[in-house]
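A.B. asks: Structure provided below as structure tokens; questions to follow.
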Amino acid sequence: MKKVLAVIAVLVIAIVVGLYGLNNYRKTQKQQLEMTSHLLASCVNQGVLSLFRLQANDWKQNPEFYLQQQRALNEAVEALPQKILDGKLFKEWKYAVDICDKLTRNSNLQHITIFRPLADLASFEMSDATTFKNRKSLRKRKKTIGALRESAQAADRYLKDLRSDINTQVQTYGFSAEEKAFIQKQINTEVLDYYQQGNFSLNSVNVYLERLSSFYKLMAENPKAYTVRSGSLYFYNPELRGKVEGLNRVILQGENAFFANYTQILVRKQISSPGL
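Note that this note's numbering has the sequence shown beginning at 45, numbered continuously upward.
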């Protein structure tokens, strides 16, 4: 009888210890998943904040700003793991650090695709009348306008591409289905739910670029019909002058709206309080 009681006591102790260990394991797993999710949400947030700073830039005054932001974003993201990790490294944490690096690299590439052509367009070289007849300058202008078309497409699908990139990166690593769902939910709750696609108009941008392209083409194809005097255009051909002046007028009128489009690629949502 005593032996039976002893065995029962040992079993009870083993069960209690096992339940305690299981509870502790589950608690640790939950904490680790929360840290992993928070790291990835913070990483995504840094990329979005970088976009907002780029949106607000004056490209004529600060054409190299996209390079400054690339460095700033890299530095901000590199500091995140040390700020967030509490305890020892674990497998899922290493996944998250890798994903964060890839998301940041892709964000920087996306930002350069969108904003570097704006800096090129804002440069004096694009509007320098003394180079309108220069074939090399025309090729460069065509290249810039082509890059701006790609820029506009990337800006138009920014949020969609960001969500797709996040999903692709999370799916690639060895998270369980439950962990993936939790991570996606936390990224949405902490970051993406607060933002939405802005009023960026792909159509308006393309119309402006078509006019700009027509203007440069017209100037390049009629090199003998005008000259440049003291930085201003002088036309020998009245018909060409009328076409150029008409194009130039609508281009100048649309310039502010064109650049303004790029200030609203992504906007903050107005999220009302549940109590209201």
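Ideal Cβ positions, reconstructed from N, Cα and C, are used throughout, including at glycine. Note that the coordinates shown come from a computational prediction; the quantities given were computed from them, not determined experimentally.
Using DSSP's beta-bridge definition, name the partner residues of F279.
C.D. replies: Within the sequence shown, residue 279 is the residue found at index 235, counting from 1. Paired residue(s): Y270.
A.B. asks: In three-state DSSP terms, what is L310?
C.D. replies: As a first step, residue 310 must be located in the sequence shown, where it is residue number 266. It is a strand residue.
A.B. asks: With a CB to CB cut of under 7 Å and the five nearest residues on each side skipped, what residues in its chain are close to R160?
C.D. replies: For this step, residue 160 is matched to residue 116 along the sequence shown. Result list for R160: Y110, in chain order.
A.B. asks: By a C-beta neighbour count over all protein chains shown, 10 Å radius and 16 as the cutoff for buried, is L66 buried or exposed?
C.D. replies: Looking up residue 66 in the sequence shown gives position 22. Residue confidence for L66 is low, a pLDDT of 46 falling below 50, so the modelled location carries little weight; the figure read from the coordinates is stated next. It counts as exposed.
A.B. asks: Over what stretch of residues does the beta strand (DSSP E) that includes Y238 continue unbroken?
C.D. replies: Locating residue 238 in the sequence shown gives position 194, counting from the first residue. From DSSP, Y238 is part of no beta strand (DSSP E); its letter is neither H nor E.
A.B. asks: Out of P282, T271, A166, L253, state which residue places its alpha-carbon closest to the alpha-carbon of Q105.
C.D. replies: Mapped onto the sequence shown, residue 105 falls at position 61. Comparing Cα positions, the closest option is A166.
A.B. asks: How long is the line joining the alpha carbons of Y139 and A116, rounded to whole angstroms?
C.D. replies: Position 95 of the sequence shown, counting from 1, holds the residue named residue 139. Position 72 of the sequence shown, counting from 1, holds the residue named residue 116. So the alpha carbons of these two residues sit roughly 23 Å apart.
A.B. asks: In the structure shown, what three-state DSSP assignment does F219 receive?
C.D. replies: Taking the first residue of the sequence shown as position 1, residue 219 is located at position 175. It is coil, neither helix nor strand.
A.B. asks: Please name the residue, chosen from V288, K180, G242, Q76, that lies closest to Q99 on a Cα-to-Cα basis.
C.D. replies: As a working mapping, residue 99 is identified with position 55 in the sequence shown. Here the closest residue by C-alpha is G242.
A.B. asks: Give the secondary structure of K287 by DSSP, where H, G and I count as helix, E and B as strand, and everything else as coil.
C.D. replies: Taking the first residue of the sequence shown as position 1, residue 287 is located at position 243. K287: helix per DSSP, three-state reduction.
A.B. asks: Give, in chain order, every unbroken run of the alpha helix (DSSP H) that is at least 4 residues long and sits entirely within the stretch 66-101.
C.D. replies: Whole alpha helix (DSSP H) segments, 4+ residues: zero.
A.B. asks: So which of I231, R255, F279, N300 has the shortest CA-CA distance to T80?
C.D. replies: Within the sequence shown, numbered from 1, the residue matching residue 80 stands at position 36. When each option's Cα is compared against that of T80, the closest is I231.
A.B. asks: Is it buried or exposed, D130, if we count other Cβ atoms within 10 angstroms and call 16 or more buried?
C.D. replies: Taking the sequence shown and counting its residues from 1, the one referred to as residue 130 is at position 86. Classification for D130: exposed.
A.B. asks: Is the CB-CB distance between L284 and N266 below 8 Å?
C.D. replies: Within the sequence shown, numbered from 1, the residue matching residue 284 stands at position 240. Within the sequence shown, numbered from 1, the residue matching residue 266 stands at position 222. Yes.
A.B. asks: Per DSSP, what kind of secondary structure is A225 in: helix, strand or coil?
C.D. replies: Along the sequence shown, read from residue 1 onward, the residue named residue 225 stands at position 181. Correct three-state label for A225: helix.
A.B. asks: Evaluate Y252 with the Cβ neighbour count: other Cβ atoms within 10 Å of its Cβ, from every protein chain shown; 16 or more gives buried, anything less gives exposed.
C.D. replies: For the purposes of this step, residue 252 is identified with residue 208 of the sequence shown, where counting begins at 1. Its Cβ being crowded by 16 or more others within 10 Å, Y252 is buried.
A.B. asks: Kindly indicate which residue of L124, F259, W137, K146 has the alpha-carbon position closest to the one of G218.
C.D. replies: For the purposes of this step, residue 218 is identified with residue 174 of the sequence shown, where counting begins at 1. Nearest option by C-alpha distance: W137.
A.B. asks: Can you look up D172 in the DSSP assignment and give me helix, strand or coil?
C.D. replies: On the sequence shown, residue 172 is found 128 positions in, with the first residue counted as 1. In this structure, D172 counts as coil in the three-state DSSP scheme.
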